[in-house]
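Counting in our numbering, the sequence shown runs from 14 upward without gaps. To start, the structure itself, in structure tokens.
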Amino acid sequence: MKAAVLIQPKQPLEIDDLAISKPGPHEVLIRTAACGLCHSDLHFIEGAYPHPLPAVPGHEAAGVVEAVGSEVRTVKPGDHVVTCLSAFCGHCEFCVTGRMALCLGGDTRRAADAPPRLSRAGSGDPVMQMLNLSAFAEQMLVHEHACVRIDPEMPLDRAAVIGCAVTTGAGTIFNACKLVPGETVAVVGCGGVGLAAINAAKIAGAGQIIACDPVAEKRELAKVLGATDAIDASAPDAVEQVVALSRGGVDHAIEAVGRQASADLAVKVLRRGGTATILGMMPLDCKVGLGALDLLSGKKLQGAIMGMNRFPVDLPRLVDFYMRGLLDLDTIIAERIPLSGVNEGFEKMKAGHSARSVIVFDQ
Ligand SMILES: [Zn+2]
Ligand SMILES: [Zn+2]
Numbered sequence: 014m015k016a017a018v019l020i021q022p023k024q025p026l027e028i029d030d031l032a033i034s035k036p037g038p039h040e041v042l043i044r045t046a047a048c049g050l051c052h053s054d055l056h057f058i059e060g061a062y063p064h065p066l067p068a069v070p071g072h073e074a075a076g077v078v079e080a081v082g083s084e085v086r087t088v089k090p091g092d093h094v095v096t097c098l099s100a101f102c103g104h105c106e107f108c109v110t111g112r113m114a115l116c117l118g119g120d121t122r123r124a125a126d127a128p129p130r131l132s133r134a135g136s137g138d139p140v141m142q143m144l145n146l147s148a149f150a151e152q153m154l155v156h157e158h159a160c161v162r163i164d165p166e167m168p169l170d171r172a173a174v175i176g177c178a179v180t181t182g183a184g185t186i187f188n189a190c191k192l193v194p195g196e197t198v199a200v201v202g203c204g205g206v207g208l209a210a211i212n213a214a215k216i217a218g219a220g221q222i223i224a225c226d227p228v229a230e231k232r233e234l235a236k237v238l239g240a241t242d243a244i245d246a247s248a249p250d251a252v253e254q255v256v257a258l259s260r261g262g263v264d265h266a267i268e269a270v271g272r273q274a275s276a277d278l279a280v281k282v283l284r285r286g287g288t289a290t291i292l293g294m295m296p297l298d299c300k301v302g303l304g305a306l307d308l309l310s311g312k313k314l315q316g317a318i319m320g321m322n323r324f325p326v327d328l329p330r331l332v333d334f335y336m337r338g339l340l341d342l343d344t345i346i347a348e349r350i351p352l353s354g355v356n357e358g359f360e361k362m363k364a365g366h367s368a369r370s371v372i373v374f375d376q
């Protein structure tokens, strides 16, 4: 199968022929239909977050099940599935207390003595799987706890972005913020995750949704998805603008970029009792904090990973929201590209101008 391989950080991915192993007892072989380009991939490609190499990135995918291992009961060949990097073990402290997004995956990793899931087609040299998925490839071999069956009517290119960006943005509103209708929201950063948070805030009945982004084009998209107001996040008076628009600050501020400045902005625009939720992958030495007066005002700060999802439940619900015309995935997807366009797609992401590029594989 063809796959995009990361050989060295800061180098373009190479399209190469790889071999993929057969499903183990709890594994699922999937024909990849589509995979979104996510900012987290870029962190690994640029070397900001380390990973053993060579490896195949890509983790925001949907496809069709081709084969399953002997013990798999949740999906069968022919099923349409969305994958999720939040592979859960099902029996750790986090799983059994309903916080599956915090599970470290336990035995969903391939056993050390089993053949690697991916290898070079010629030499047989192992190639690392990234986030247990490696979806920039025509096929994926994943643990059954890393995918969920969805409505076969759902278009798979749009289903793919639910696997990471949309689950992260929407899950933050529904699961981490537990937004109450009428509450005010500011979203800092209007890429795929931020736009999904804005759209979910609208679905959840937010009173006011203020989009903050330096790029005018993204502020316009934010308005299409439900933002009631939009401001330039790079303006020197960005904090004052949000506080004025919301008459004293917002109930929920969501940082969806992964930058120190945007995290600080999220904390500064809170009203009394408000909560800042940090989603972005910040550089590893970053710190965000609340001052003494913030704490005396009942302000709160929390991290959230992958929208604190319970993905086997959340993903089919998001699919249902799309099918009923509530979740606007068509606006979140900026372009569809072939696998060979993957490097160009990441160049565009670095330039910061498109919402979401999605690789669509030939079916
Ligand atoms: Zn992602
Ligand atoms: Zn677990």
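Glycine is no exception: its CB is placed at the ideal position from the N, C-alpha and C atoms.
For Cys-225, the enclosing beta strand (DSSP E) covers residues 221-225. Taken through DSSP and simplified to helix, strand or coil, Pro-325 comes out as helix. Contact between the segment 306-325 and the segment 177-196 is present: three or more C-beta pairs spanning the two stretches fall below 8 Å.
In this structure, DSSP gives Ala-251 a helical state, which the three-state scheme calls helix.
Checking the 7 Å criterion, the Cβ of Cys-116 is out of range of every heavy atom belonging to ligand 1. In the three-state reduction of the DSSP assignment, Asp-375 falls in the coil class, being assigned neither a helical nor a strand state.
Between the segment 28-41 and the segment 149-161 there are three or more C-beta pairs closer than 8 Å, enough to call the two in contact. In the DSSP secondary-structure assignment, Lys-313 is bridged to Thr-288. Here Leu-328 is actually not in contact with Cys-116; their C-beta atoms are around 16 Å apart, not less than 8 Å. Asp-277 carries a helical assignment under DSSP once its states are collapsed to helix, strand and coil.
Comparing C-alpha distances from Tyr-335 to each of Val-263, Ala-248, Asn-356, Ala-213 shows the shortest one belongs to Ala-213. Met-295 and Val-270 have their C-alpha atoms spaced approximately 8 Å apart.
In this structure, the C-beta of His-52 stays at least 7 Å away from each heavy atom of ligand 2.
Of Ile-175, Ala-235, Thr-185, the smallest CA-CA separation from Gly-202 is found for Ala-235.
Membership of His-156 in any alpha helix (DSSP H) is not indicated; the residue belongs instead to the beta strand (DSSP E) covering 152-156.
The beta carbon of Gly-218 sits closer than 6 Å to the beta carbons of Pro-194 from its chain, once the five residues preceding and following it are set aside; these are given in chain order. Of the residues assessed, Ser-147 falls on the buried side of the cut-off, its CB having 16 or more other CB atoms within 10 angstroms. Out of Pro-63, Gly-49, Lys-15, the CA that lies nearest to the CA of Leu-297 is found in Pro-63. Counted as a single uninterrupted DSSP element, the stretch harbouring Val-77 is not any alpha helix (DSSP H) but the beta strand (DSSP E) occupying residues 74-81. With respect to Ile-223, Ala-199 sits close: the two C-beta atoms are nearer than 8 Å. In the DSSP assignment, Arg-349 falls within the beta strand (DSSP E) that extends over 348-350.
Judged by DSSP in its simplified three-state form, Arg-232 adopts helix.
Less than 8 Å divides the Cβ of Asp-170 from the Cβ of Arg-349. Residue Leu-308 holds the alpha-carbon nearest to the alpha-carbon of Thr-288 among Leu-308, Cys-299, Ala-274. Set against 7 Å, the gap from the CB of His-64 to the closest heavy atom of ligand 1 is not smaller. Between Val-355 and the set Ala-243, Phe-149, Ala-305, the nearest pair of CA atoms involves Phe-149.
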